[in-house]
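S.K.: Which chain is which? The protein sequence lines are A and B, in order.
Using the working numbering, the letters of the first sequence map in sequence onto residues 167 to 529.
Using the working numbering, the letters of the second sequence map in sequence onto residues 167 to 529.
The beta-carbon is built from N, C-alpha and C at its ideal position, and this holds for glycine as well.
What you are looking at is a predicted structure, and each value in this text was computed from that prediction instead of being measured.
Encoded as structure tokens, here's the structure I'll be asking about.
2 protein chains.
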Amino acid sequence: MPGSKLTVFPIERLREFSHRVFLHYGVPDDQSALAADILARADLRGIDSHGIARLHAYATMLDSGRINPRPMIRTIRETPGTASIDGDNGLGLVVGPVANRIAMDKADTVGTGWVTVRGSNHYGIAGYYVLEALARDQIGWAMTNTTKIVAPLWGADRMLGTNPIAIAFPGHEEPPIVIDMASPAAAFGKLEMALRKGEAIPEGWAIDREGQPTCDPAAMVDGGAMLPLGSTRERGGHKGYCLGAMIDILSGVLSGANWGPFTPIFTTDFEEPPREVGVGLGHFFGAMRIDAFIDPDEFKRQIDDWIRTFRATRPAPGTEGPIIPGDPEREAEAIRAGKGIPLVAAVIDDLREIVAMTGVALD
Amino acid sequence: MPGSKLTVFPIERLREFSHRVFLHYGVPDDQSALAADILARADLRGIDSHGIARLHAYATMLDSGRINPRPMIRTIRETPGTASIDGDNGLGLVVGPVANRIAMDKADTVGTGWVTVRGSNHYGIAGYYVLEALARDQIGWAMTNTTKIVAPLWGADRMLGTNPIAIAFPGHEEPPIVIDMASPAAAFGKLEMALRKGEAIPEGWAIDREGQPTCDPAAMVDGGAMLPLGSTRERGGHKGYCLGAMIDILSGVLSGANWGPFTPIFTTDFEEPPREVGVGLGHFFGAMRIDAFIDPDEFKRQIDDWIRTFRATRPAPGTEGPIIPGDPEREAEAIRAGKGIPLVAAVIDDLREIVAMTGVALD
Numbered sequence: 167m168p169g170s171k172l173t174v175f176p177i178e179r180l181r182e183f184s185h186r187v188f189l190h191y192g193v194p195d196d197q198s199a200l201a202a203d204i205l206a207r208a209d210l211r212g213i214d215s216h217g218i219a220r221l222h223a224y225a226t227m228l229d230s231g232r233i234n235p236r237p238m239i240r241t242i243r244e245t246p247g248t249a250s251i252d253g254d255n256g257l258g259l260v261v262g263p264v265a266n267r268i269a270m271d272k273a274d275t276v277g278t279g280w281v282t283v284r285g286s287n288h289y290g291i292a293g294y295y296v297l298e299a300l301a302r303d304q305i306g307w308a309m310t311n312t313t314k315i316v317a318p319l320w321g322a323d324r325m326l327g328t329n330p331i332a333i334a335f336p337g338h339e340e341p342p343i344v345i346d347m348a349s350p351a352a353a354f355g356k357l358e359m360a361l362r363k364g365e366a367i368p369e370g371w372a373i374d375r376e377g378q379p380t381c382d383p384a385a386m387v388d389g390g391a392m393l394p395l396g397s398t399r400e401r402g403g404h405k406g407y408c409l410g411a412m413i414d415i416l417s418g419v420l421s422g423a424n425w426g427p428f429t430p431i432f433t434t435d436f437e438e439p440p441r442e443v444g445v446g447l448g449h450f451f452g453a454m455r456i457d458a459f460i461d462p463d464e465f466k467r468q469i470d471d472w473i474r475t476f477r478a479t480r481p482a483p484g485t486e487g488p489i490i491p492g493d494p495e496r497e498a499e500a501i502r503a504g505k506g507i508p509l510v511a512a513v514i515d516d517l518r519e520i521v522a523m524t525g526v527a528l529d
Numbered sequence: 167m168p169g170s171k172l173t174v175f176p177i178e179r180l181r182e183f184s185h186r187v188f189l190h191y192g193v194p195d196d197q198s199a200l201a202a203d204i205l206a207r208a209d210l211r212g213i214d215s216h217g218i219a220r221l222h223a224y225a226t227m228l229d230s231g232r233i234n235p236r237p238m239i240r241t242i243r244e245t246p247g248t249a250s251i252d253g254d255n256g257l258g259l260v261v262g263p264v265a266n267r268i269a270m271d272k273a274d275t276v277g278t279g280w281v282t283v284r285g286s287n288h289y290g291i292a293g294y295y296v297l298e299a300l301a302r303d304q305i306g307w308a309m310t311n312t313t314k315i316v317a318p319l320w321g322a323d324r325m326l327g328t329n330p331i332a333i334a335f336p337g338h339e340e341p342p343i344v345i346d347m348a349s350p351a352a353a354f355g356k357l358e359m360a361l362r363k364g365e366a367i368p369e370g371w372a373i374d375r376e377g378q379p380t381c382d383p384a385a386m387v388d389g390g391a392m393l394p395l396g397s398t399r400e401r402g403g404h405k406g407y408c409l410g411a412m413i414d415i416l417s418g419v420l421s422g423a424n425w426g427p428f429t430p431i432f433t434t435d436f437e438e439p440p441r442e443v444g445v446g447l448g449h450f451f452g453a454m455r456i457d458a459f460i461d462p463d464e465f466k467r468q469i470d471d472w473i474r475t476f477r478a479t480r481p482a483p484g485t486e487g488p489i490i491p492g493d494p495e496r497e498a499e500a501i502r503a504g505k506g507i508p509l510v511a512a513v514i515d516d517l518r519e520i521v522a523m524t525g526v527a528l529d
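Written as structure tokens, this is what we have:
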């Protein structure tokens, strides 16, 4: 970014820092390590918005007592193939992995497992959970609802979160296909970057506080909203709205969590929701044993063929051709694991503030 | 449509006609009735492209022996929560309901059921299947891959079908939320309509045979491709591509069917795929018992609240505010059940051709 200085940190130093910060707030050691690992995974994979950059928000929420550092996570309902979990207002980075493991364990028993979660908080990158399933020869699904920032098509208000969905499929010789995507047209992080640089944003990303399309990032931040994938009716914005709604209902309503505009705030900077309709934030996890459907070797060979076939697509002019979902994150990880994580000054300022709050050393 | 005459047919007459046409080709009576019912459901719900308008394609495929009228549908693999089905090259309208029922039956037993299908053909509207699940207090999922027509982002060739996904959630006093959407930016049917009317199509729908963006519908038809939801990288076209890929892999690869550019042709007008990588077309069904996760009454009351909350969203300027997924189809059904189905001349010509092929009377 022009005019912004990047400082590179080894991933181990960031992981260690996060671990100690969670410990400081009373999160048990193994859970602190796990939460730190999920943040580190985001930084390694190049998803900067969901890594160490979010530690400040988690720390502030723990500091103000809004997140429970030692939750009693419990199962509310259960069948052989399903469970509903209450996260007791724990860190999503702690509750999410527990629920995901239950889904995978159920898949071991009856072929698939599906778990809803209420009473949780933001759980990091959705991709983390589906990578865990890959390690068990399962196809993992992960969804979550999040703090409202997206308008439904034809609406002028923030009603849905960026609600991501992730799913992954293993290859044999090829690396896995890893889909991990939010449901709006563009990431809020990209809009924030345009704001810092004083640049306009493309059409189709956002509306202003009156609900009018805008290319001014400040107009979105000042009471406007992001637009769903597809942006307008003509270009399929109703489909992006449907996708966001589906993820909201599976994560928020089916679990007994808050949904839509009532999802809890993620940092203390946001406005409190007008009412509570459930318990905390919600997630939705699925796990499917590959051998419950097909011979896993045959499946992986077909995935290799799928990947090679799609890579060999004739490129559109001015491009190098289609990429395979998961490629950019894997390439980032290959570089960052060795060279470290570049952090912008604003993030480092946040980390210094955490140092001041907790006494945990960064250097 | 300007210059095109509409003729209205009572739904019963269309249903009866389809039923007799399937019978004529040797499809058993109960299966013919079911297949006709799925087509009628599409016409009632206003999804004109998937109703009686498709009977000509099914008839041609049956007539040329490309679809098996009396398939031996069998289970290839099974666990308590999953199954893989081979449709023996039957009508998708016959194979799909069998597989969907297996998913729902498994949900009755272990909470959820997930079924992949290979060796099938086009199965009508995805929405049909999830409405069946609603009747059993289950949340139904339906996906299918389809004949290639969509380019992956940055690709210049047709590599994916319009690959729809459907899911439905029941309300208590409110009608259900029914999501049933294809994964490209726009429906091919809309492009066809522009072609007939000699009009340009909006930016973001299609590319020409060189992979360049085009607003000329003829340039898409002549070796071009539709674009995924999001259309361009800037506006999230990689996400639409991911969605189409996910549906293709779950329906096509996990089932052992053909996938991507190798999906079988839907009508004899299309070019044959270059090679076979599996068996027929693939589907993916899921069913989740609501009470496996949450009290169904509580869930339905929350869905009522969700619907009312989203309906009450402040409208964007120039709109009447957000609609709830399923509203347009339900409104169409309320009108068409009484007033009949308006058909354009081109569809009636197709029906006359079926009359000539089969001797089944339309009038």
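So for D252 of chain B, helix, strand or coil by DSSP?
M.R.: Looking at D252 of chain B - three-state DSSP - the assignment turns out to be strand.
S.K.: How far does the alpha helix (DSSP H) with L154 of chain A in it reach, from first residue to last?
M.R.: A query on residue 154 of chain A cannot be resolved here, the shown segment of chain A reaching from 167 to 529 and no further.
S.K.: Using a Cβ cut-off of 8 Å, which residues of the stretch 373-386 of chain A contact any Cβ in chain B, in chain order?
M.R.: Of all residues in the stretch 373-386 of chain A, I373, E376, G377, Q378 have a Cβ within less than 8 Å of some Cβ in chain B.
S.K.: Measure the CB-CB distance between A352 of chain A and G402 of chain B and report whether it falls below 8 Å.
M.R.: Yes, the Cβ-Cβ distance between A352 of chain A and G402 of chain B is below 8 Å.
S.K.: CA-CA distance, M270 of chain B and T278 of chain B?
M.R.: Taking the straight line from one Cα to the other gives about 7 Å.
S.K.: Would you mind telling me which residues of chain B sit closer than 9 Å to I330 of chain A, beta carbon to beta carbon, in chain order?
M.R.: The question names Ile, but residue 330 of chain A is Pro in the sequence shown. Here the premise fails: no neighbours, minimum Cβ distance about 10 Å.
S.K.: Hey, V387 of chain B and L361 of chain B are a contact pair by Cβ (cut 8 Å); roughly how many whole angstroms apart?
M.R.: That belief holds up - the Cβ atoms of V387 of chain B and L361 of chain B are roughly 7 Å apart, short of 8 Å.
S.K.: Should R401 of chain A be flagged as near chain B, meaning a C-beta pair shorter than 8 Å?
M.R.: Judged by the 8 Å Cβ criterion, R401 of chain A is in contact with chain B.
S.K.: Count the CB pairs spanning the stretch 259-270 of chain B and the stretch 443-459 of chain B that are closer than 8 Å, and state whether there are at least three.
M.R.: Verdict: yes, contact present.
S.K.: Could you give the distance in angstroms between the alpha-carbon of F183 of chain B and the alpha-carbon of G217 of chain A?
M.R.: Those two C-alpha atoms are separated by around 60 Å.
S.K.: Could you have a look at V174 of chain B and say whether DSSP puts it in helix, strand or coil?
M.R.: DSSP places V174 of chain B in strand when its eight states are reduced to three.
S.K.: Between the stretch 419-428 of chain A and the stretch 282-292 of chain A, are three or more C-beta pairs nearer than 8 Å?
M.R.: Yes, since at least three Cβ pairs between the stretch 419-428 of chain A and the stretch 282-292 of chain A fall closer than 8 Å, the two stretches touch.
S.K.: For L180 of chain B versus M309 of chain B, is the C-beta distance shorter than 8 Å?
M.R.: No, the Cβ-Cβ distance between L180 of chain B and M309 of chain B is not below 8 Å.
S.K.: Name the chain A residues that come within less than 7 Å of P342 of chain B, Cβ to Cβ?
M.R.: Within chain A, no residue comes near P342 of chain B; the closest Cβ sits about 11 Å away, beyond 7 Å.
S.K.: State yes or no: is the C-beta of P342 of chain A within less than 8 Å of the C-beta of A332 of chain A?
M.R.: Cβ distance not < 8 Å, so P342 of chain A and A332 of chain A don't count as in contact.
S.K.: Looking at the secondary structure, which residues open and close the beta strand (DSSP E) in which Q304 of chain A lies?
M.R.: Taken as a continuous stretch (DSSP letters only), the beta strand (DSSP E) holding Q304 of chain A covers 304-310.
S.K.: State buried or exposed for S230 of chain B, treating a residue as buried only when at least 16 other CB atoms are found within 10 Å of its CB.
M.R.: Label assigned to S230 of chain B: exposed.
S.K.: If you draw a straight line from the C-alpha of E499 of chain B to the C-alpha of A199 of chain B, how long is it?
M.R.: The straight-line gap from Cα to Cα measures roughly 20 Å.
S.K.: Going along the stretch 291-313 of chain B in order, which residues come within less than 9 Å of chain A, judged by CB to CB distance?
M.R.: Going along the stretch 291-313 of chain B in chain order, one finds I305 with a Cβ nearer than 9 Å to chain A.
S.K.: Could you spell out where the beta strand (DSSP E) holding P341 of chain A opens and where it closes?
M.R.: P341 of chain A -> no beta strand (DSSP E), and no H or E assigned at all.
S.K.: Quick one, are the C-beta atoms of L533 of chain B and I177 of chain B less than 8 Å apart?
M.R.: With chain B covering only 167 through 529, there is no way to say anything about residue 533 of chain B.
S.K.: By Cβ distance, which residues of its chain are closer than 7 Å to E438 of chain A, with the 5 residues on each side in sequence left out?
M.R.: Excluding residues within five positions, the ones whose Cβ falls inside 7 Å are I431.
S.K.: Contact between the stretch 392-407 of chain A and the stretch 309-319 of chain A is defined here as three or more beta-carbon pairs at a separation below 8 Å; is this criterion met?
M.R.: Verdict: yes, contact present.
S.K.: Apart from the five residues just before and just after A458 of chain B, which ones in its own chain have a Cβ nearer than 7 Å to its Cβ?
M.R.: Answer for A458 of chain B: G277, T278, listed in chain order.
S.K.: Mark I501 of chain B as exposed unless 16 or more other C-beta atoms lie within 10 angstroms of its C-beta, in which case mark it buried.
M.R.: Exposed: under 16 other Cβ atoms inside 10 Å.
S.K.: For L420 of chain A and chain B, any beta-carbon pair shorter than 8 Å?
M.R.: Yes - at least one Cβ of chain B is within 8 Å of the one on L420 of chain A.
S.K.: Quick one: Cα of P508 of chain B to Cα of R207 of chain B, how far?
M.R.: Rounded to whole angstroms, P508 of chain B to R207 of chain B spans 14 Å at the Cα level.
S.K.: Residue range of the alpha helix (DSSP H) that V260 of chain B falls in?
M.R.: 258-276 is the extent of the alpha helix (DSSP H) around V260 of chain B.
S.K.: So with CB distances below 7 Å, who are the chain A contacts of K405 of chain B?
M.R.: M347, L395, listed in chain order.
S.K.: Name the chain B residues that come within less than 9 Å of R483 of chain A, Cβ to Cβ?
M.R.: Per the sequence presented here, residue 483 of chain A reads as Pro, with Arg not at that position. By Cβ distance, chain B contributes A322, E376, G377, Q378.
S.K.: Residues of the stretch 359-373 of chain A with a CB closer than 9 Å to any CB of chain B: list them in chain order, please.
M.R.: For the stretch 359-373 of chain A, which is checked against every Cβ of chain B, the residues closer than 9 Å are P368, E369, G370, W371, I373.
S.K.: Can you name the start and end residues of the alpha helix (DSSP H) that E495 of chain B belongs to?
M.R.: First-last of the alpha helix (DSSP H) with E495 of chain B: 493-505.
S.K.: Can you check whether the CB of P383 of chain B is closer than 8 Å to the CB of I367 of chain B?
M.R.: Yes, they are a contact pair.
S.K.: Sorted by chain position, which residues of the same chain lie with C-beta nearer than 7 Å to I514 of chain B's C-beta, five sequence neighbours on each side aside?
M.R.: The residues are T173.
S.K.: Residues of chain B with CB closer than 8 Å to the CB of D471 of chain A, please, in chain order.
M.R.: Going along chain B in sequence order, the residues near D471 of chain A (Cβ under 8 Å) are V443.
S.K.: Between M270 of chain B and chain C, is the shortest Cβ-Cβ distance under 8 Å, so that the two count as touching?
M.R.: You won't find chain C in this structure, because its protein chains are A and B.
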